[in-house]
Amino acid sequence: MQFAIAAASASGARIVVMGNLYPYGSPSGAMTEHSPETTTETKGLVRRAGWAKLRAAHDAGRIQAVEVRASDYFGPGATGTAHLGESFFTAVGRSKTAHVVGKPQLPHSWTYLPDIVTTLIAAADDTGDWGRIWHVPSGTFSRVDIAEQLNVQYGSQGKVSGYPQWLLRSLGLANPMMHEVWASSYQFVVPFVIDSAETQRELGVAATPWHEALLATAESYRSKK
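In terms of full-length UniProt numbering, the sequence shown has 213 at position 213, counting the first letter as 1, and numbering is strictly consecutive.
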């Protein structure tokens with residue numbers, strides 16, 4: 001990050017960083033662009049520290065920087081490792097059970113990949129305040145709801161089942177990747193909702209209509225059969 005700051009300071013370039021919601025930690029309500037950053041989890045602490053360095057350099061007048069934060073992403077091209085990726089859509093589409101992290105009946109915000117690009121561009125072009133955070137407009141649905149929407153659309157009978165927390169923690173003891181999954185699973189055991197009202201108002205961006213985004217994603221996986 002220090003090299004990026006030094007380069008931007010020397011060249012006069014502005015920095016637009018793509019971020020996520022990890023710095024907020026476990027939320028007690030919808031997360032706005034001004035929510036406190038209360039994370040205690042390693043990845044969240046790293047993200048928070050990175051933005052803090054950029055913000056400090058901005059406040060010192062060395063650079064101009066903003067961070068654009070998104071929730072868990074989905075869309076054509078999202079792989080099986082995404083929480084709402086290929087493995088989820090494939091299982092539901094084949095009338096099987098999609099196994100997921102956390103409690104699938106809880107509301108969760110999902111950010112469509114093209115909307116991330118749109119918001120990044122809008123943030124870069126903005127002539128207003130810098131040194132701040134923007135939120136990508138997103139759709140909020142439980143994974144149970146999403147599976148049912150797909151079932152209605154395609155006549156499938158897919159279901160969703162959440163892995164128990166104790167299982168994720170046990171697997172994490174032997175597998176570093178699963179340890180990281182367990183460490184961030186707090187996002188899926190409480191409602192995890194992003195509020196982007198201020199970003200929409202100030203930057204003039206909006207989420208792609210949910211049904212349109214969902215079907216484009218589903219069709220991208222169905223075409224691979």
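Here a beta-carbon is modelled for each residue, glycine too, at the ideal position from N, C-alpha and C.
Item to check | Identified DSSP bridge partners for Val31 | outcome: Sequence check: residue 31 is Met here, not Val. Bridge partners of Met31: Ile194.
Item to check | Residue from Trp166, Arg55 and Val190 with nearest C-alpha to residue 229 | outcome: Nothing can be reported for residue 229, as the shown portion of the chain is limited to 1 through 225.
Checklist entry - Straight-line CA distance for Leu84 to Ser138? => result In a straight line, the C-alpha of Leu84 is about 13 Å away from that of Ser138.
Checklist entry - What number of angstroms, rounded off, separates the C-alpha of Ile146 from the C-alpha of Val136? => result 20 Å
Next on the checklist: Here's a check: name, in chain order, each residue in its chain whose Cβ is nearer than 6 Å to the Cβ of Ser95, leaving out the five neighbours to either side.
Outcome noted: For Ser95, where only same-chain residues beyond five positions count, the Cβ hits under 6 Å are Ser156, Gln157 and Gly158.
Checklist entry - Among Asp115, Leu203 and Asp129, which one has its Cα closest to the Cα of Glu212? => result For the set Asp115, Leu203 and Asp129, the Cα lying nearest the Cα of Glu212 is the one of Asp115.
Checklist entry - Over what stretch of residues does the alpha helix (DSSP H) that includes Ala82 continue unbroken? => result No alpha helix (DSSP H) contains Ala82, which DSSP labels as neither H nor E.
Checklist entry - Which partner residues of Phe74 appear in the DSSP bridge assignment? => result Bridge partners of Phe74: Tyr112.
Checklist entry - So, helix, strand or coil for Gln103, using DSSP? => result Sequence inspection shows Lys at residue 103; the Gln mentioned does not correspond to that position. It is coil, neither helix nor strand.
Checklist entry - Just the Cα atoms here: how many angstroms apart are Ile133 and Ala56? => result Across the structure, Ile133 and Ala56 are spaced so that their CA atoms are roughly 14 Å apart.
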